[in-house]
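The structure appears right after this line, and notes come after that.
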Amino acid sequence: MFMKSERRSTEKRKTEIIQATLKLAESLPVAKISTRKIAREVGLSQPALFRHFRSSGDLFNAVIEYVREQLAARAQSYFESDQLQAASLKEKLNYIMGGLAEYRTLPKFFYFYASQKAESAGRTRFMLFLSMIQALVAALISEAPEVPESTDEKQAADYLISLIQGQLIGYFDLENHPEKGEPSQSEAAKTKRAKETIANIIAFWYEGVKQGKPEKSEFAKPAKQPKKAFSKLDVRPLVASGIDPFNEIMDSLSMLERNGCLLLITPFKPSPLLSLLKSRNLPVSVKRVDQSWLLVILASKDSYFYDFSDLPAPEPLEKTLEVVSTLPAKSCLWVCVPKMPNLLIPHLTNRGLSHRAHSAENPPVYLQILNS
Numbered sequence: 009m010f011m012k013s014e015r016r017s018t019e020k021r022k023t024e025i026i027q028a029t030l031k032l033a034e035s036l037p038v039a040k041i042s043t044r045k046i047a048r049e050v051g052l053s054q055p056a057l058f059r060h061f062r063s064s065g066d067l068f069n070a071v072i073e074y075v076r077e078q079l080a081a082r083a084q085s086y087f088e089s090d091q092l093q094a095a096s097l098k099e100k101l102n103y104i105m106g107g108l109a110e111y112r113t114l115p116k117f118f119y120f121y122a123s124q125k126a127e128s129a130g131r132t133r134f135m136l137f138l139s140m141i142q143a144l145v146a147a148l149i150s151e152a153p154e155v156p157e158s159t160d161e162k163q164a165a166d167y168l169i170s171l172i173q174g175q176l177i178g179y180f181d182l183e184n185h186p187e188k189g190e191p192s193q194s195e196a197a198k199t200k201r202a203k204e205t206i207a208n209i210i211a212f213w214y215e216g217v218k219q220g221k222p223e224k225s226e227f228a229k230p231a232k233q234p235k236k237a238f239s240k241l242d243v244r245p246l247v248a249s250g251i252d253p254f255n256e257i258m259d260s261l262s263m264l265e266r267n268g269c270l271l272l273i274t275p276f277k278p279s280p281l282l283s284l285l286k287s288r289n290l291p292v293s294v295k296r297v298d299q300s301w302l303l304v305i306l307a308s309k310d311s312y313f314y315d316f317s318d319l320p321a322p323e324p325l326e327k328t329l330e331v332v333s334t335l336p337a338k339s340c341l342w343v344c345v346p347k348m349p350n351l352l353i354p355h356l357t358n359r360g361l362s363h364r365a366h367s368a369e370n371p372p373v374y375l376q377i378l379n380s
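Sequential numbering from 9 applies to the sequence shown in the working numbering.
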């Protein structure tokens with residue numbers, strides 16, 4: 009019991025230190041924020057601060073990670089809200105991007121890491137965070153009915169994020185050098201002003217992106233790629249290089265057949281993605297495997313998935329036949345089994361069920377059973 013209380017206290021102190029660092033960045037360049045200044049801001053000694061963060065670099069990394077988690081939670085609440093689902097693109101962006109107003113100094117950390125030439129853990133975190141925001145905004149744009157289909161979602165997202173970053177950076181100069189005799193603003197007033205600034209930028213950008221008109225291309229459109237019944241995507245290398253895999257994941261899903269299946273491997277549990285898939289009524293199975301997460305995503309709400317890969321023979325066969333007996337008409341069943349179920353195939357054939365076996369390079373086998 010005492011250990012849990014101490015842990016909560018430690019996490020609370022870390023959050024206080026991170027928030028103090030963000031506040032210091034309002035009046036100082038990130039490069040000039042030292043652990044001594046941060047400790048003084050929080051009311052700690054440097055040795056006490058070092059118990060939580062070994063260096064300013066570790067602390068700056070924690071700042072990026074903290075804000076990323078906060079905005080991801082904000083995005084997740086959007087995907088789980090029926091009210092926000094029916095909102096316009098502008099309203100959605102105001103809700104999600106408005107969260108940046110609470111972390112007004114974040115662009116300073118972005119520019120700090122962007123100016124670093126050498127690869128570092130901090131720069132990788134920064135690139136991953138920026139990619140997450142770009143991918144999230146691009147996804148919202150692609151789903152907005154008021155935006156022309158010819159719009160380049162990624163480019164439009166980049167424009168919006170650049171406008172917000174640039175405006176917030178200029179905002180600090182006005183905030184820290186007020187006109188003579190002008191009273192200093194409260195924290196709530198600063199946040200309100202930043203939210204208004206972001207809302208104005210979004211409104212300006214929104215009117216422009218709605219006006220985009222398709223242009224005739226001088227080049228032939230690329231041939232459509234054939235749809236796949238089964239696909240495997242390992243995004244761990246992308247994440248390790250600081251790239252958010254959201255676009256890659258959505259592209260892979262778009263390439264699936266109606267009853268297709270995507271096997272996705274990630275280094276962490278992608279909560280915002282899971283909420284998005286839930287809002288689209290797509291079945292998802294999540295499993296922790298060693299230090300990674302394994303997601304089985306089905307492209308149709310009329311599909312079902314069962315994992316029998318850990319069962320000894322003949323249980324995978326028996327369990328599959330048990331599920332097949334209740335499979336609704338015109339639906340699809342996916343089962344994960346330890347190896348190619350040769351003894352199962354005659355049973356499926358006798359019941360008039362079509363099937364396809366798919367391998368993920370190594371065992372187990374993913375078996376697709378169609379009750380057409």
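Even for Gly, the Cβ is constructed at its ideal location relative to N, Cα and C.
Alpha carbons only, please: which of the options is nearest the one belonging to residue i?
| i | options | result |
| --- | --- | --- |
| residue 258 | 290, 175, 36 and 119 | 290 |
| residue 335 | 380, 306 and 353 | 380 |
| residue 307 | 105, 315 and 342 | 342 |
| residue 115 | 176, 305 and 43 | 176 |
| residue 283 | 72, 84, 60 and 23 | 84 |
| residue 41 | 60, 56, 113 and 95 | 113 |
| residue 370 | 348, 354 and 352 | 348 |
| residue 328 | 374, 200, 298 and 304 | 374 |
| residue 147 | 89, 72 and 164 | 164 |
| residue 320 | 58, 19, 372 and 333 | 372 |
| residue 344 | 281, 166 and 364 | 364 |
| residue 90 | 288, 71, 65 and 265 | 288 |
| residue 212 | 102, 318, 272 and 300 | 102 |
| residue 71 | 137, 293, 281 and 265 | 137 |
So, is residue i buried or exposed, given that buried needs 16 or more other C-beta atoms within 10 angstroms?
| i | result |
| --- | --- |
| residue 377 | buried |
| residue 337 | exposed |
| residue 252 | buried |
| residue 208 | exposed |
| residue 33 | buried |
| residue 152 | buried |
| residue 360 | exposed |
| residue 200 | exposed |
| residue 215 | exposed |
| residue 28 | buried |
| residue 100 | buried |
| residue 19 | exposed |
| residue 119 | exposed |
Whole angstroms are fine: how far does the CA of residue j sit from the CA of residue i?
| i | j | result |
| --- | --- | --- |
| residue 309 | residue 196 | 45 Å |
| residue 274 | residue 248 | 10 Å |
| residue 159 | residue 331 | 44 Å |
| residue 387 | residue 155 | This structure gives no information on residue 387, because the portion of the chain shown stretches from 9 to 380. |
| residue 143 | residue 149 | 10 Å |
| residue 277 | residue 243 | 12 Å |
| residue 21 | residue 77 | 17 Å |
| residue 368 | residue 246 | 19 Å |
| residue 358 | residue 75 | 56 Å |
| residue 111 | residue 134 | 15 Å |
| residue 130 | residue 206 | 26 Å |
| residue 94 | residue 286 | 16 Å |
| residue 36 | residue 132 | 23 Å |
| residue 68 | residue 121 | 10 Å |
| residue 24 | residue 60 | 11 Å |
| residue 141 | residue 303 | 22 Å |
| residue 314 | residue 256 | 25 Å |
| residue 52 | residue 346 | 56 Å |
| residue 88 | residue 96 | 16 Å |
| residue 198 | residue 38 | 20 Å |
| residue 123 | residue 55 | 30 Å |
| residue 254 | residue 296 | 19 Å |
| residue 157 | residue 333 | 43 Å |
| residue 299 | residue 173 | 35 Å |
| residue 185 | residue 49 | Because residue 185 sits at a pLDDT of 45, beneath the cut-off of 50, its placement in the model cannot be relied upon, and the following sentence gives the value as read from the coordinates. Those two C-alpha atoms are separated by around 21 Å. |
| residue 225 | residue 219 | Note that residue 225 scores a pLDDT of 44, beneath 50, so its modelled location is shaky and nothing firm can be said. |
So, at 6 Å on beta carbons, what are the nonlocal neighbours of residue i in its own chain, with the 5 sequence-adjacent residues on each side left out?
| i | result |
| --- | --- |
| residue 239 | 260 and 270 |
| residue 340 | 267, 311 and 378 |
| residue 366 | 238 and 374 |
| residue 362 | 378 |
| residue 139 | 251 and 252 |
| residue 162 | 146 |
| residue 301 | 274 and 277 |
Enumerate in chain order the residues of its own chain whose CB-to-CB distance from residue i is below 8 Å, with the five nearest sequence positions on each side excluded.
| i | result |
| --- | --- |
| residue 323 | 316 |
| residue 63 | 43 |
| residue 292 | 282, 285, 286, 303, 304, 305 and 306 |
Please go through the same chain and pick out, in chain order, the residues whose beta-carbon is closer than 7 Å to the beta-carbon of residue i, but skip the five residues on each side of it.
| i | result |
| --- | --- |
| residue 263 | 233, 235, 236 and 239 |
| residue 82 | 104 and 107 |
| residue 17 | none |
Write down the C-beta distance between residue i and residue j rounded to the nearest angstrom, noting that I regard them as a contact closer than 8 Å.
| i | j | result |
| --- | --- | --- |
| residue 109 | residue 31 | The Cβ separation is near 14 Å, so there is no contact. |
| residue 45 | residue 210 | Not really, about 34 Å apart at Cβ, beyond 8 Å. |
| residue 145 | residue 171 | Their Cβ separation, rounded to whole angstroms, is 12 Å, which puts residue 145 and residue 171 out of contact at 8 Å. |
| residue 279 | residue 80 | 7 Å |
| residue 351 | residue 325 | 6 Å |
Could you check whether the Cβ of residue i sits closer than 8 Å to any heavy atom belonging to the ligand SAM?
| i | result |
| --- | --- |
| residue 96 | For the structure depicted, the ligand SAM is absent and the ligand set is empty, with no information on it obtainable. |
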